[in-house]
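Chemist: If you read the protein sequences in the order shown, they are chains R and E. UniProt numbering puts the last residue of the first sequence at 325; the count rises by one with no breaks. UniProt numbering puts the last residue of the second sequence at 328; the count rises by one with no breaks. Note that the Cβ used here is the ideal one computed from N, Cα and C, for glycine as well.
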Amino acid sequence: MRELHTGIAIREALTLAMEMDERVFVAGEGVGVSIHDNPIMPTHGLLEQFGERRVKDTPVSEAAIAGLAVGASNMGLLPVVEIMFFPFITLASDMLVNHAAKLRYLSGGKSGFPLTVRVKAGMGFQAGCQHSHNLEAWMAHAPGLKVTFASTPADAKGLLLSAIFDPDPVIVVEEMGLYFMQGEVPDGDVRVPLGKARTVRPGMDATVVAYGGAVYAALAAAETLQEEGVSLEVIDLRTLVPLDKDAVLESLGRTGRLVTVHDANKFCGFGAELAAIAAEEGFASLKAPVRRVAAPNTPVPFTPPQEQFYKPGAEDIVQAVRSIL
Amino acid sequence: MGTGNEAAVRLKMLNKMILVRRFENQITELAAEQGRLPGMQILATGQEAAVGVVLALRTEDVIVTNHRSHAHLLAKGADPRALMAEIMGKETGVNHGKSGTLHLIVPEVNALMTSTVVGASPPLAAGAAFAQQYTGSDAITAVFFGDGAAAEGSVHEAMNLAGVWKLPLLFVCENNCWAGAQSFDVHCSTGNIASRAVSYGMPGELVNGNDTDEVYETASRLSARCREGGGPALMELATYRMRGHGEYDRQHYVDPAEIEEWAARDPILLYRERLIEAGVATAEQIDAMDEEAGRIVAEALRFAEDSPYPAPEAALDHVWAEAGAKIY
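#1: Run down chain E in chain order and give the residues with a C-beta less than 8 Å from the C-beta of Phe25 of chain R.
#2: Would you verify that the beta carbon of Phe145 of chain E is, or is not, closer than 9 Å to some beta carbon of chain R?
#3: Please state whether DSSP places Cys173 of chain E in a helix, a strand or coil.
#4: Determine the burial state of Glu136 of chain R: buried for a count of at least 16 other Cβ atoms within 10 Å of its Cβ, exposed for fewer.
#5: Between Met95 of chain R and chain E, is any beta-carbon pair separated by less than 9 Å?
#6: With a Cβ-Cβ cutoff of 9 Å, do Gly119 of chain E and Gly163 of chain E count as a contact?
#7: Is there at least one Cβ from chain R nearer than 9 Å to Thr3 of chain E's Cβ?
#8: In or out: Asn95 of chain E buried (at least 16 other Cβ within 10 Å) or exposed?
#9: In this structure, does DSSP put Ser121 of chain E in helix, strand or coil?
#10: What number of angstroms, rounded off, separates the C-alpha of Val97 of chain R from the C-alpha of Glu291 of chain E?
#11: What first and last residue would you give for the beta strand (DSSP E) that runs through Val147 of chain R?
#12: Would you say Tyr105 of chain R faces chain E, with C-beta separation under 9 Å as the test?
#13: When you check each C-beta in the region 115-130 of chain E against every C-beta of chain R, which residues fall closer than 7 Å?
#14: Measure the CB-CB distance between Ala222 of chain R and Gly203 of chain R and report whether it falls below 9 Å.
#15: Does Pro153 of chain R get closer than 9 Å to chain E when you measure Cβ to Cβ?
#16: If you draw a straight line from the C-alpha of Leu14 of chain E to the C-alpha of Pro123 of chain E, how long is it?
#17: Hey, His103 of chain E and Leu274 of chain R: beta-carbon distance below 9 Å or not?
#18: Assuming Val280 of chain E and Arg10 of chain E form a contact by the criterion Cβ under 8 Å, report the distance between their Cβ atoms to the nearest whole angstrom.
#19: Quick one: which unbroken beta strand (DSSP E) runs of 3-plus residues sit fully inside the region 213-282 of chain E? Chain order, please.
#20: Just by C-beta distance, which residues in the region 227-258 of chain R are closer than 9 Å to chain E?
#21: Leaving aside the five residues before and after Ser285 of chain R along the sequence, list all residues of the same chain whose C-beta is less than 7 Å from its C-beta, in chain order.
#22: How is the alpha helix (DSSP H) around Ile8 of chain R delimited, first residue to last?
#23: Check for me: the beta strand (DSSP E) holding Gln319 of chain R runs from which residue to which?
#24: Just checking my contact of Gly112 of chain R with His318 of chain E at CB under 8 Å: how many whole Å lie between their CB atoms?
#25: Excluding the five sequence neighbours on either side, which residues of its own chain have a C-beta within less than 8 Å of the C-beta of Arg302 of chain E, listed in chain order?
#26: Please go through the same chain and pick out, in chain order, the residues whose beta-carbon is closer than 6 Å to the beta-carbon of Thr65 of chain E, but skip the five residues on each side of it.
#27: Tell me which same chain residues have a C-beta within less than 7 Å of the C-beta of Ile327 of chain E, skipping the five on either side of it?
#28: With C-beta atoms as the reference, is Val259 of chain R less than 9 Å away from Arg292 of chain R?
#29: Assign Gln133 of chain E to buried or exposed, taking buried as 16 or more other Cβ atoms, counted over all protein chains shown, within 10 Å of its Cβ.
#30: For Val234 of chain R, list the residues DSSP reports as bridge partners.
#31: If you measure beta-carbon to beta-carbon, which residues of the region 165-188 of chain E are closer than 9 Å to chain R?
#32: What are the start and end residues of the beta strand (DSSP E) that includes Ser93 of chain R?
#33: Would Leu37 of chain E pass as an interface residue toward chain R - the criterion being a Cβ-Cβ separation below 9 Å?
#34: By the criterion of Cβ-Cβ separation under 9 Å, what are the contact partners of Leu161 of chain E in chain R?
#35: Between which residues of its own chain and Trp178 of chain E is the CB-CB distance below 6 Å, once the five residues before and five after are set aside?
#36: According to DSSP, is Ser195 of chain E part of a helix, a strand, or is it coil?
Structure representation (structure tokens):
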């Protein structure tokens, strides 16, 4: 199978969706003409291919971008809008949390909002905490929103295709560091269903549940621990909402130990939800306490050594696993 | 205006205004009787001339409204029985009891969305207008918001987007002089909202919001412009909020003389007199119209009271598009 960068795999999903369905349009800040003239970026070249009617550069106006998506989706279009950096979703959050997520409910099921919000996330760019802050747990906390967070080029493409054609509003988190990673990507309209986790590496002694780039830290930890004779199972959630709870509990049932990993800070992070599920529904399987590996409860720092310190790494996971063996 | 279709439109506007007043008066009565209505009740009493905007639209045109929506929805053709049932939280309500008076959503009459987040309706409406433009429809969207909402950044963002993209969107600011307990002159720096239109490359017109003909004429002209590809427009209705923010609001911060002054300019009284003078209708015909509206509202109340509440566990329905979707 051919290998593609994640950024290009995402563009392939956008291109396919736009070719397949006239209702799909793309809008956001710099989705057409971008200051980043890089062919690996997901929307590079879309304007030339599809024209100004379907690739809409908006004013710098997140509430308007999100409102556009809510109103247009309610009228039957399939908007794919981009929020340039995850922290900026706070500017769009009224439209997403109070409207996209709630108007179906308020209408008693009469209204639908099949919109997709691509949000660029991640750290490692020394962008500082107003441009780097993983808020996926905020989004997952709002009933009515679905949330995906891919770790591979194939999943980035497949999840985005599912999101675009899903009848509910979906927040698609794209970790920018992964744009430049290559991997095998199937040709054509191959979708990854929302709500299906992937076992990245089977193991017997403990389960590590991660998503996004944290999956690679988990895999590196698994390599280290294997040398010590410890077998880690690594699960990539791929979507936080809907959550593949069964995959987590099944794995916990086999290994008896659970470590959660994410780059977002720990307090009220998604790992807390997974730990609570393990306690409520998997307690009989637990041979040891659940451990959460996550960023500290500070904003994302700027200076490279601090940013590196902030992001949970393989060694943090190794230590967490050792502490419960 | 005075003959033919124009007379018919004027009669229809008066008819709708009378129905809206009867409907809202009924809610006032119920709200005063503790326990007969759940939640808070927010009325547009005194602002009924806004029906002129809705009747200037076509059936296929979309409206997006806010917490003060009864006049807009009834004018657009929403069923008074299902509205009343919704306001009482009943299963037969337009939204199965999920909405109450605040978020009434009636897509079947193209009352597409209602938001109680002040200032949120304009960006939503920009999305609807974009869809109309994108699909090549000649339908337009009208969005209603208040003078208080006009202070929200989202309203400016929507106006800017509509301006640069020439969206078929009619912004309708019902300036009712009060935002919560704050008077207009305290919260607005420019003296009117309509003049802001120039910042976004669209026409802005300030009209007497208690003069139904003027409202209708302006809305007709500006919506025709939107429909013909002229881009968005803003109209501001200078009107008055007669009953406070909600029915619990005693308006202790308002000079009673101000309310009296506006009561003398009641849009329904003025319009009734004008239509009688113009020979469009007789006093007897209008009285009969009023009686009929009373009958419709009484029937709506009976229907709502006879309707059951939805099952408590139906609170779990309608979060997701697929019934019974397992998210967790």
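Modeler: According to the structure shown:
#1: Locating residue 25 of chain R in the first sequence gives position 25, counting from the first residue. Within chain E, the residues near Phe25 of chain R are Tyr134.
#2: Here the question's residue 145 of chain E lines up with position 145 in the second sequence. Not an interface residue.
#3: Position 173 of the second sequence, counted from the first residue, corresponds to residue 173 of chain E. Strand.
#4: The count along the first sequence starts at 1 and reaches residue 136 of chain R at position 136. Flag for Glu136 of chain R reads buried.
#5: As a working note, residue 95 of chain R is residue 95 in the first sequence. With 9 Å as the cut-off, Met95 of chain R counts as an interface residue toward chain E.
#6: As a position in the second sequence, residue 119 of chain E is number 119, starting the count at 1. As a position in the second sequence, residue 163 of chain E is number 163, starting the count at 1. No, the pair does not count as a contact, with Cβ atoms beyond the cut-off.
#7: Reading the second sequence from its first residue, position 3 is the one you call residue 3 of chain E. Confidence at Thr3 of chain E is low in this model, with a pLDDT of 49, below 50, so its placement is unreliable and the value that follows should be read with caution. It does not: the Cβ of Thr3 of chain E has no partner Cβ on chain R nearer than 9 Å.
#8: Numbered from its first residue, the second sequence carries residue 95 of chain E at position 95. Answer is buried; the Cβ neighbour count reaches 16.
#9: For this step, residue 121 of chain E is matched to residue 121 along the second sequence. Helix.
#10: Indexing the first sequence from 1 puts residue 97 of chain R at position 97. Indexing the second sequence from 1 puts residue 291 of chain E at position 291. So the alpha carbons of these two residues sit roughly 44 Å apart.
#11: Numbered from its first residue, the first sequence carries residue 147 of chain R at position 147. Its beta strand (DSSP E) spans residues Lys146 to Phe149.
#12: As a working note, residue 105 of chain R is residue 105 in the first sequence. By this cut-off, Tyr105 of chain R is an interface position.
#13: Ser115, Val117, Ala120, Pro123, Leu124, Ala125, Ala126, Gly127, Ala128 and Phe130
#14: By 1-based counting over the first sequence, the position of residue 222 of chain R is 222. By 1-based counting over the first sequence, the position of residue 203 of chain R is 203. Closer than 9 Å, so yes.
#15: Position 153 of the first sequence holds residue 153 of chain R. Not an interface residue.
#16: Residue numbering aside, residue 14 of chain E sits at position 14 when the second sequence is read from its first letter. Residue numbering aside, residue 123 of chain E sits at position 123 when the second sequence is read from its first letter. When rounded, the distance between both Cα atoms is 31 Å.
#17: For the purposes of this step, residue 103 of chain E is identified with residue 103 of the second sequence, where counting begins at 1. For the purposes of this step, residue 274 of chain R is identified with residue 274 of the first sequence, where counting begins at 1. Cβ atoms of His103 of chain E and Leu274 of chain R: not closer than 9 Å.
#18: Position 280 of the second sequence, counting from 1, holds the residue named residue 280 of chain E. Position 10 of the second sequence, counting from 1, holds the residue named residue 10 of chain E. With a Cβ gap of about 6 Å, Val280 of chain E and Arg10 of chain E count as contacting.
#19: 233-238
#20: Val241, Pro242, Leu243 and Lys245
#21: On the first sequence, residue 285 of chain R is found 285 positions in, with the first residue counted as 1. The residues are Leu252, Gly253 and Gly256.
#22: One-based indexing of the first sequence puts residue 8 of chain R at position 8. Per DSSP, Ile8 of chain R belongs to the alpha helix (DSSP H) from Thr6 to Met20.
#23: As a working mapping, residue 319 of chain R is identified with position 319 in the first sequence. Here Gln319 of chain R belongs to no beta strand (DSSP E); instead the alpha helix (DSSP H) covers Ala314 to Arg322.
#24: Locating residue 112 of chain R in the first sequence gives position 112, where the first residue counts as 1. Locating residue 318 of chain E in the second sequence gives position 318, where the first residue counts as 1. Actually they are not in contact, since the Cβ atoms of Gly112 of chain R and His318 of chain E sit about 11 Å apart, beyond 8 Å.
#25: Counted from its first residue, the second sequence places residue 302 of chain E at position 302. Counting only Cβ-Cβ distances below 8 Å, and skipping sequence neighbours, we find nothing.
#26: Working through the second sequence from its first residue, we reach residue 65 of chain E at position 65. Contacts found: His72, Thr114 and Phe144.
#27: Taking the second sequence and counting its residues from 1, one reaches residue 327 of chain E at position 327. Once the five neighbours on either side are set aside, the close Cβ partners of Ile327 of chain E are Trp320.
#28: Locating residue 259 of chain R in the first sequence gives position 259, counting from the first residue. Locating residue 292 of chain R in the first sequence gives position 292, counting from the first residue. In this structure, Arg292 of chain R lies closer than 9 Å to Val259 of chain R by Cβ.
#29: Translated into the one-based positions of the second sequence, residue 133 of chain E becomes position 133. Classification of Gln133 of chain E: buried, given that the 10 Å Cβ count is 16 or more.
#30: Taking the first residue of the first sequence as 1, we reach residue 234 of chain R at position 234. R:Arg201 and R:Val208, per the DSSP bridge assignment.
#31: Trp165
#32: Counting from one through the first sequence, the residue named residue 93 of chain R turns up at place 93. Not the beta strand (DSSP E): Ser93 of chain R falls in the alpha helix (DSSP H), residues Ile89 to Ser93.
#33: One-based indexing of the second sequence puts residue 37 of chain E at position 37. Taking Cβ atoms only, chain R never reaches closer than 9 Å to Leu37 of chain E, which makes this a no.
#34: Residue 161 of chain E sits at position 161 when you count from the first residue of the second sequence. Ordered by position in chain R, the residues that pass the 9 Å Cβ test against Leu161 of chain E are Thr58, Pro59, Ser61, Ala64, Ile65, Gly67 and Leu68.
#35: By 1-based counting over the second sequence, the position of residue 178 of chain E is 178. Within the same chain, Trp178 of chain E has close Cβ partners Arg241.
#36: Position 195 of the second sequence, counted from the first residue, corresponds to residue 195 of chain E. Note: Ser195 of chain E maps to helix in three-state DSSP.
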